[in-house]
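Chemist: Structure provided below as structure tokens; questions to follow.
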Amino acid sequence: MCKWSSKPRSIDDHTARSAESTAYNWGVKRTALNADLHCHSVVSDGTLEPEAVAARAHANGVQLWALTDHDEIGGQQRARSAARALGLPYLTGTEISVTFAGITVHIVGLGFDADNPALIAGLAATRGGRRERALEMAEGLAKVGIHDTFDGALQYVGNPELISRTHFARHLVDTGICDDTQDVFRRFLVEGKPGFVPHRWATLRNAVTWITDAGGLAIVAHPARYRFTPTEEYALFTEFKAHGGAGVEVVTGSHSASDAARYADTALEFGLLASRGSDFHSPDESHTDLGTLPPLPAKLKPVWEALGSRIDRPS
Ligand code: AMP
Ligand code: MN
Ligand code: MN
Ligand code: MN
């Protein structure tokens, strides 16, 4: 088992950690490590089993991996075992849905104790409204003539507690209503469209606290995707930091080079660690495959420097 006895080291402990970890040779400059700390399996809205995600990460040259299913840690044990069998260093992960200023924000958690009761309960509560929401989404779609989408979407669900918009999107593509999942979201599943149902997710404070109290680090996922005003975005990072948030995803599948440059500056401005993850969901849908992102900008402190003691390293 992993050693959960101590809190993660602060980034200032990096020098001590480097000396201590010479037995494990990362082989690359620390910001250039091929870490992929954001991706999904069938335990949320990905299409691969956790073992297949592990194998794909390993085959693609990933050197440090975390499976980060939405609002769920049910795949962690399988992911960690698969990573261990492949000799792939592993961090526990999740991606928590949060509502902030009326907008859904995703908070990635890394390196927590997956047996922590408050985290487990918090994630279960966050998942709780998904079935009702999905039934309402199906009602909205029925009103525009698209029937039986609840049962349709359910066919794609790997985890009955985790029915998501992505499962509706797959169903609408496979029944020929839309060309691809992007098309479904644009036409039916975003705010103002017939299948969109507003939802109250976890609070920012709760999500950050669940992760941090379980010994992990909280990271703002893909910040360029949120439609905040500059004032709201400033408030997001200020409050995130005040609650104990530790990092920001700078390099991720949905970020352009200029997005990465922008959030590299945000990391420096707010004193946040930087994370990197593809947000891979499926070989057929994801533009960015596991392990294929550009490196983090060298001026940033990577989140894995502060998580050394949390990494499950193959012996
Ligand atoms: P949910 O948690 O049910 O609201 O679903 C959110 C998920 O939908 C995200 O994690 C993405 O996987 C997916 N998603 C959101 N927006 C889009 C989009 N524009 N195109 C494709 N997938 C999307
Ligand atoms: Mn997703
Ligand atoms: Mn996300
Ligand atoms: Mn994600």
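In the working numbering, the protein residues as written are 874 to 1188. Here a beta-carbon is modelled for each residue, glycine too, at the ideal position from N, C-alpha and C.
Quick one: Cα of Leu840 to Cα of Pro1033, how far?
Modeler: This structure cannot speak to residue 840, because the chain is shown only from 874 to 1188.
Chemist: In or out: Gly1025 buried (at least 16 other Cβ within 10 Å) or exposed?
Modeler: The residue you call residue 1025 lines up with position 152 of the sequence shown. The residue in question, Gly1025, is buried, as its Cβ has 16 or more Cβ neighbours within 10 Å.
Chemist: Out of curiosity, what's the CA-to-CA distance linking Gly975 and Pro1103?
Modeler: If you number the sequence shown from 1, residue 975 lands on position 102. If you number the sequence shown from 1, residue 1103 lands on position 230. Using only the alpha carbons, I get a separation of about 15 angstroms.
Chemist: Which ranges would you report for the alpha helix (DSSP H) in the region 1038-1116 if only whole runs of at least 4 residues count?
Modeler: For the region 1038-1116, whole alpha helix (DSSP H) runs of length 4 or above, ordered along the chain, are 1038-1047, 1054-1057, 1077-1086, 1103-1115.
Chemist: Below 8 angstroms on the Cβ atoms is my contact criterion, and I expect Ala987 with Trp1083 to pass it. Report the Cβ-Cβ distance as a whole number of Å.
Modeler: Along the sequence shown, read from residue 1 onward, the residue named residue 987 stands at position 114. Along the sequence shown, read from residue 1 onward, the residue named residue 1083 stands at position 210. Actually they are not in contact, since the Cβ atoms of Ala987 and Trp1083 sit about 12 angstroms apart, beyond 8 angstroms.
Chemist: With Arg1000 and Asp944 assumed to form a contact (beta carbons below 8 angstroms), what rounded beta-carbon distance in angstroms separates them?
Modeler: What you label residue 1000 is simply residue 127 of the sequence shown in a count that begins at 1. What you label residue 944 is simply residue 71 of the sequence shown in a count that begins at 1. Confirmed, Cβ separation roughly 5 angstroms.
Chemist: Rounded to whole angstroms, what is the Cα-Cα separation between Pro1170 and Ser970?
Modeler: Your numbering for residue 1170 matches position 297 in the sequence shown. Your numbering for residue 970 matches position 97 in the sequence shown. Rounded to the nearest angstrom, the two C-alpha atoms are 27 angstroms apart.
Chemist: Assign Ala925 to one of three DSSP states: helix, strand, or coil.
Modeler: Along the sequence shown, read from residue 1 onward, the residue named residue 925 stands at position 52. Correct three-state label for Ala925: helix.
Chemist: Among the residues of its own chain, which have a CB less than 6 angstroms from the CB of Lys876, if the five just before and after it don't count?
Modeler: Taking the sequence shown and counting its residues from 1, the one referred to as residue 876 is at position 3. Bear in mind that a pLDDT of 30 at Lys876, under 50, signals an unreliable position, so the number given afterwards is only what the model happens to contain. None.
Chemist: Using 8 angstroms as the threshold, is the C-beta distance between Ile1184 and Leu937 below it?
Modeler: The sequence position of residue 1184 within the sequence shown is 311, counting from 1. The sequence position of residue 937 within the sequence shown is 64, counting from 1. Yes, Cβ-Cβ distance for Ile1184 and Leu937 is below 8 angstroms.
Chemist: Which one or two residues does DSSP pair with Val981 in a beta bridge?
Modeler: Mapped onto the sequence shown, residue 981 falls at position 108. Paired residue(s): Glu968, Ile1092.
Chemist: Give me the pocket residues for ligand 2, defined as CB within less than 7 angstroms of any heavy atom, sorted by chain position.
Modeler: Those residues, listed in chain order, are His913, Ser917, Asp918, His943, Ser1037, Thr1039, His1154.
Chemist: Would you say the beta carbon of Asp1056 comes nearer than 7 angstroms to a heavy atom of ligand 4?
Modeler: Along the sequence shown, one-based indexing puts residue 1056 at 183. No, ligand 4 has no heavy atom inside 7 angstroms of this Cβ.
Chemist: How would you write the range of the beta strand (DSSP E) that Gly1150 sits in, first residue to last?
Modeler: Numbered from 1 along the sequence shown, position 277 holds the residue referred to as residue 1150. Residues 1146-1150.
Chemist: From the DSSP output, which residues share a beta bridge with Pro1168?
Modeler: Start at 1 with the first residue of the sequence shown, and residue 1168 comes out as number 295. For Pro1168, which the question treats as bridged, DSSP gives no partner whatsoever.
Chemist: Tell whether a beta-carbon distance below 8 angstroms holds between His911 and Ser1151.
Modeler: Here residue 911 is taken as the residue at index 38 of the sequence shown, counted from 1. Here residue 1151 is taken as the residue at index 278 of the sequence shown, counted from 1. Result yes, Cβ atoms of His911 and Ser1151 sit closer than 8 angstroms.
Chemist: Tell me which residues share the same chain as Phe1113 and place their Cβ nearer than 7 angstroms to its Cβ, disregarding the 5 neighbours each side in the sequence.
Modeler: As a working note, residue 1113 is residue 240 in the sequence shown. Contacts found: Leu1077, Val1081, Val1093.
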